[in-house]
Amino acid sequence: MPDYLFLMESRLPLAQWQVVSQVQKAAEALGMNLYLVGGAVRDLIGGFPIEDLDFVVEGKALKLVRELGRQQAPRTQGVGGEVRVAWRNEALQAAELEFPSGDVVSVAMVRAAGDSGPLRSQAIPATILDDLRRRDFSINAIGISLNPQSRGLLLDPTNGVADLEKKQIRTLHPYSFVNDPIRMFRAVRFRTRLTFTFEAKTAAQFQNARESKVQEKIPGEVLAQEFRQIARETGPAEILKALEKEKLLTVLSPRLQGPRVDWQGMARASKAGQGLAVAGLRVRSFPLFLYLLTSKLPPRDQSQVAERLRLKQADRQTLRRLAENARRLAKELGGKAAGTPTKLYQLLSAAPPELLLLVLAEYPQAIIQTRIRNYLRKYLPLRLKLPEKELHELGVAPESPRFRKILDLYFYALLEGKVRTKTEQAKFLKKLVQTGK
């Protein structure tokens, strides 16, 4: 029998393992039963990269969310701070949290099958086994207990582990797609990402639901949430191509097919995103994703897509400003505003990562590409090697304004090549401390 606690500790990155520990301790302090469920467990057992963490609790989930919001996230590789609540729903007792490490966590109350349709408006309390049985596919209906008395216990009431071994996607109910059409999009997303196949009955159910056009009944908010998930995928373009092949992209706009989708632009953006990720900048911008998806549509159709998804005004404004902001940044990158290493670093460190990605994808000029690459491959790694320990030993309090100012001056001197050898660097650091900078 596998040791699932050991599997979690060995396979989860340090930051995610610390998140699990933090949520677990908060739930235990509140006396709440907590379970890791869904995609995280599927990917853990299946050996896939683990993206987001999904938790459910028996009881009011937002009570746990409020407790986590009051806490400071543990420091990992110099990163720490508050847990941000990105989305919450009182009626459903569900929320999405963003940790300073970049990890996205969902917390929800265990729910019964009666509230699982597209028009769900409130949560019906249930047991953990009821919650797992109401889910979309067997491979997502697996849980691991994080409770003191049963920690590490695997819960698999629908035999999802067997389907993982068969590499197949199987619905749990005959009318699964009809009752909740967004599952059609989720099925295609999982099939593409995991390179699985549909179980025979599931394939027939999918085809029948698509021919009945039940996907057109998906509420905008639900559709937007699914596309936010696609935007977080490592390979969103491949998933979009699979959706287009299944004639599902047209749910957003009848024109969104064939040459009206900028596949080459999305491929360039995907490559640029990989480069940013290597440098430690992870881009998960939904507005950027929508911009790339709809960039070839006429403005009127772009507005209709935003309306179909019931986008909030803030998202619409960000979407409208992306192209203009990218154009401005590209112009600055090609001119004197980025003419020195220090100016270049200051310019790009102030720019959101999604803007860097868009400029990399849409502005192929050599000077722009070279300067961004220098920032990612040289300046950011150099910034991580600043002598914080040495500065502390010289008597400057860490995290104080003076501490940060001295490190900035030291860093800019390195960028400009003013201090090259170890001896020069040590002397320069002492000089900054002694002159009271």
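Residue 823 is where the sequence shown starts when you use the working numbering, and the numbers rise one by one after that.
Beta carbons: idealized from backbone N, C-alpha and C, even for Gly.
Counting every other CB atom within 10 Å of its CB across the protein chains shown gives S967 a total of 16 or more, marking it as buried.
Less than 9 Å divides the Cβ of Y1113 from the Cβ of L1144. A distance below 9 Å separates the beta carbons of K1069 and R1032.
Taking the Cα positions, V1036 is about 51 Å away from L1206. For E987, the closest of F870, A849 and G891 by C-alpha to C-alpha distance is F870. Counted as a single uninterrupted DSSP element, the beta strand (DSSP E) harbouring M931 occupies residues V926 to M931. N855: not part of any alpha helix (DSSP H); member of the beta strand (DSSP E) spanning N855 to V859, first to last residue. Annotation: the continuous beta strand (DSSP E) that includes S967 extends over G965 to S967.
Looking at the backbone, the Cα of R1199 and that of Q838 are separated by about 25 Å. Looking at the backbone, the Cα of V932 and that of D953 are separated by about 5 Å. DSSP places R1005 in the uninterrupted alpha helix (DSSP H) bounded by I1004 to L1016. The closest CA to that of G924, considering only P1058, P835 and P979, is found on P835.
Scanning A883, T949 and S1171 for the CA closest to the CA of E918 turns up A883. Just measuring C-alpha positions, the residue of S1125, M1006, V1044 and T1164 sitting nearest F1028 is M1006. Burial is judged here by how many other beta carbons sit within 10 angstroms of a residue's own beta carbon; P1058 has at least 16 and is buried.
In this model, V887 and E1238 are separated by some 46 Å (Cα to Cα). A direct Cα-to-Cα measurement between S1125 and L1110 gives close to 15 Å. As far as DSSP is concerned, I1189 takes part in no beta bridge. Secondary structure in the stretch 1067-1111: the alpha helix (DSSP H) runs of 4 residues or longer, each lying completely within the stretch, are 1085-1100 in chain order. Note on geometry: alpha-carbon atoms of R1077 and E1038 lie some 15 Å from one another. Here I950 really is in contact with L977; their C-beta atoms are around 6 Å apart, less than 8 Å. With contacts defined as CB atoms closer than 9 Å, Y1234 and P1209 fail to qualify as a contacting pair. Of the candidates V863, T1056, L1229 and A1183, the residue whose Cα lies closest to the Cα of S1117 is A1183.
Closest in C-alpha terms to T1164, from the list I1194, A1148, V1181 and R1142, comes I1194. Distances from the CA of E1055 to each of T1072, F1020 and R1008 were compared; the closest alpha carbon is that of R1008. Looking at the backbone, the Cα of G891 and that of A1046 are separated by about 25 Å. Cα atoms of Q1051 and L875: separation of roughly 13 Å, rounded to the nearest angstrom.
The beta carbon of D958 sits closer than 8 Å to the beta carbons of T993, L994, S998, D1002, R1005, R1008 and A1009 from its chain, once the five residues preceding and following it are set aside; these are given in chain order. Across the structure, F1108 and L1166 are spaced so that their CA atoms are roughly 27 Å apart.
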